[in-house]
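Participant: Have a look at this one before I ask anything.
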Amino acid sequence: MTIRVARIIGSGSYLPERTLTNAELASSLDTTDEWIRSRTGIAERRIAAPGEWTSDLAVLAAERALAYAGIAADSLDFILVATTTPDLIFPATATIVQRKLGATRRQVPAFDIQAVCAGFIYALSMADSLIRSGAARRVLVIGAETMSRIMDWRDRATCILFGDGAGAVILESCAEPGRGILSTHLHADGSYEELLRTDGGLSRGLLVDAASGRGFTHMRGNEVFKQAVKALEGLVDETLTANGLEKSQIDWLVPHQANIRIIHSTAKRLGMAMDRVVMTIDRHGNTSAASVPLALDEAVRDGRIQPGQLLLLEAFGGGFTWGSALVRW
Ligand code: ACO
């Protein structure tokens, strides 16, 4: 029997037009450009326009990925959208994306995955399983967020960190073991909810409400930071061990862009020079589930990532959830 593996045949991304700089934030908050840059590595982030929804960003990223792969939306067998900020409670953003892509003819399955900043890695892992099992031949995986909508813009400890955007990849079944997604590793630990969460949710009867300040993102940043560093170090070791690899064999680290200091610590664990790490945090901030595919697409399109190279993708986020994917490009 032929062994099927999942290969990435196209990537795409989209960022909203509006750029929000640290200087602008400092004009309304008790913060400075210097504090934000030195603590986080962020200089600016993009903010979705009023009336621009997560599905709009997702569709633009997906269309670019489809064009890159040279395939029609109608040829997809599955659509997965990783998001923490869906357009609506239901239907899933993935079904909205399917409709906006004009890909309803074959009525292929579409649903959302919610694992906050690790959502894209979770979705990639699900897509990999669908392809390996033979349940799908082509899967569109999108990470898309409008994190600006769940920020309390008066809270300097959180709102300076996040931005909006979307990234997408198309996975296709191929019969070349050793190519594409080599392994994925997922984890969650629900005991840390208090350190990072929103205080809004339908079943608790709380929606995002700027007037009362409810429903926004709350984070005990310093404690999250320590857990993120520890979890990601463990993940790097786990991924290398599972694949019988030495650190020096990884060509590119494509990390979740939450904080430059967390990225430095993961690169150090890999003994990797920073010029082998794809960085977008300075221009994008933390775009949650969109950050890894946004970074990946940038490095693919500017030619840094080349066929045959080995990439380590990783992310850590609310839940806590964390995960990695090892990819032979
Ligand atoms: N400007 C100026 N001062 C600030 C700001 C700001 N924007 N924000 C906080 N401060 C102050 C605090 O009030 C505190 O003041 P105090 O000492 O008088 O109490 C001081 O700066 C230090 O605060 P810390 O929280 O200890 O700062 P830290 O160095 O830890 O940096 C940060 C904060 C950037 C949030 C960092 O902890 C971090 O990046 N944490 C991890 C984030 C992360 O990885 N999240 C997971 C993914 S996100 C998701 O899943 C949704």
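Heads up: the sequence shown begins at 1266 in my numbering, then just goes up one per residue.
Each residue gets a CB set at the ideal place from its N, CA and C atoms; glycine is no exception.
Report yes if the C-beta distance between Phe1481 and Val1473 is below 9 Å; otherwise report no.
Facilitator: The residue labelled residue 1481 in the question sits at position 216 within the sequence shown. The residue labelled residue 1473 in the question sits at position 208 within the sequence shown. Yes, Cβ-Cβ distance for Phe1481 and Val1473 is below 9 Å.
Participant: Output the distance between the C-alpha atoms of Val1381 and Ser1513, rounded to the nearest integer angstrom.
Facilitator: Taking the first residue of the sequence shown as 1, we reach residue 1381 at position 116. Taking the first residue of the sequence shown as 1, we reach residue 1513 at position 248. For Val1381 and Ser1513, the distance between alpha carbons rounds to 30 Å.
Participant: Is it true that the region 1518-1528 meets the region 1545-1555, where meeting means three or more beta-carbon pairs spaced less than 8 Å apart?
Facilitator: Under the Cβ criterion (8 Å, minimum of three pairs), the region 1518-1528 counts as touching the region 1545-1555.
Participant: What are the start and end residues of the beta strand (DSSP E) that includes Ile1435?
Facilitator: Counted from its first residue, the sequence shown places residue 1435 at position 170. Its beta strand (DSSP E) spans residues 1429-1439.
Participant: Please determine, among Ser1589, Gln1571, Asp1420, the residue with the shortest C-alpha to C-alpha distance to Glu1212.
Facilitator: It is not possible to answer for residue 1212, since the shown part of the chain is limited to 1266 through 1594.
Participant: Does Leu1467 pass the burial test, meaning 16 or more other C-beta atoms within 10 Å, or should it be called exposed?
Facilitator: Residue 1467 sits at position 202 when you count from the first residue of the sequence shown. Per the 10 Å Cβ criterion, exposed.
Participant: From the DSSP output, in three-state form, read off Thr1423 for me.
Facilitator: Position 158 of the sequence shown holds residue 1423. Thr1423: coil per DSSP, three-state reduction.
Participant: My understanding is that Ala1564 touches Val1543, with C-beta atoms under 8 Å, so please give their C-beta distance in whole angstroms.
Facilitator: As a working mapping, residue 1564 is identified with position 299 in the sequence shown. As a working mapping, residue 1543 is identified with position 278 in the sequence shown. So it is a contact: roughly 4 Å between Cβ atoms.
Participant: The beta strand (DSSP E) spanning Pro1520 covers which residue range?
Facilitator: Here residue 1520 corresponds to residue number 255 of the sequence shown, with the count starting at 1. Segment 1517-1520, the beta strand (DSSP E) holding Pro1520.
Participant: Can you give me the C-alpha to C-alpha distance between Phe1355 and Trp1418, rounded to a whole angstrom?
Facilitator: In the sequence shown, residue 1355 corresponds to position 90, counting from 1. In the sequence shown, residue 1418 corresponds to position 153, counting from 1. Computed Cα separation, rounded: 26 Å.
Participant: With 16 other CB atoms within 10 Å as the buried threshold, where does Ala1271 fall?
Facilitator: In the sequence shown, the residue the question calls residue 1271 occupies position 6. Label assigned to Ala1271: buried.
Participant: For Ile1268, which three-state DSSP category applies?
Facilitator: Position 3 of the sequence shown, counting from 1, holds the residue named residue 1268. In this structure, Ile1268 counts as coil in the three-state DSSP scheme.
Participant: Against chain B, does Ala1308 count as a neighbour if the rule is that its beta carbon must be under 9 Å from one of theirs?
Facilitator: Annotation note: the requested chain B is absent from the structure, which comprises a single protein chain.
Participant: Which residue from Gly1316, Arg1283, Val1406 puts its Cα closest to that of Leu1331?
Facilitator: As a working mapping, residue 1331 is identified with position 66 in the sequence shown. That would be Val1406, whose Cα lies nearest to the Cα of Leu1331.
Participant: Could you tell me which whole beta strand (DSSP E) segments of length 3 or greater appear in the region 1382-1411?
Facilitator: 1403-1411
Participant: Are the beta-carbon atoms belonging to Ile1546 and Ser1556 less than 9 Å from one another?
Facilitator: In the sequence shown, the residue the question calls residue 1546 occupies position 281. In the sequence shown, the residue the question calls residue 1556 occupies position 291. Taking 9 Å as the Cβ cut-off, Ile1546 and Ser1556 qualify as a contacting pair.
Participant: Counting pairs of Cβ atoms below 8 Å between the region 1287-1297 and the region 1384-1402, do you hit three or more?
Facilitator: no
Participant: If Trp1318 and Thr1411 are in contact, beta carbons under 8 Å, what's the gap, nearest whole angstrom?
Facilitator: Stepping through the sequence shown from its first residue, residue 1318 is reached at position 53. Stepping through the sequence shown from its first residue, residue 1411 is reached at position 146. About 7 Å separates the two Cβ atoms, so the contact holds.
Participant: Cα-Cα, which of Arg1310, Ile1307, Phe1585, Trp1594 is closest to His1452?
Facilitator: Translated into the one-based positions of the sequence shown, residue 1452 becomes position 187. Residue Phe1585 is the option with its Cα nearest to His1452.
Participant: Closer than 8 Å: is that where the CB of Ala1431 sits relative to any heavy atom of the ligand ACO?
Facilitator: The residue given as residue 1431 occupies position 166 in the sequence shown. No, the ligand ACO has no heavy atom inside 8 Å of this Cβ.
Participant: Are the Cβ atoms of Ala1375 and Ala1338 separated by less than 9 Å?
Facilitator: Along the sequence shown, read from residue 1 onward, the residue named residue 1375 stands at position 110. Along the sequence shown, read from residue 1 onward, the residue named residue 1338 stands at position 73. Not in contact: Ala1375 and Ala1338 (Cβ atoms no closer than 9 Å).
Participant: Compute every distance between the C-beta of Asp1464 and the non-hydrogen atoms of the ligand ACO, then say whether any falls below 8 Å.
Facilitator: As a first step, residue 1464 must be located in the sequence shown, where it is residue number 199. Taken from the Cβ of Asp1464, every heavy atom of the ligand ACO lies 8 Å or farther away.
Participant: Please name the residue, chosen from Ser1413, Gly1432, Leu1389, that lies closest to Arg1566 on a Cα-to-Cα basis.
Facilitator: Residue numbering aside, residue 1566 sits at position 301 when the sequence shown is read from its first letter. Looking at the Cα atoms, Gly1432 is the closest of the given residues.
Participant: My guess is that Leu1436 and Ala1388 are in contact by the Cβ rule of under 8 Å, so how many angstroms apart are they, rounded?
Facilitator: In the sequence shown, the residue the question calls residue 1436 occupies position 171. In the sequence shown, the residue the question calls residue 1388 occupies position 123. Actually they do not touch by this definition, with Cβ atoms about 10 Å apart.
Participant: Output yes or no for whether 9 Å exceeds the beta carbon distance between Asp1377 and Ala1357.
Facilitator: Stepping through the sequence shown from its first residue, residue 1377 is reached at position 112. Stepping through the sequence shown from its first residue, residue 1357 is reached at position 92. A contact, by the Cβ cut-off of 9 Å.
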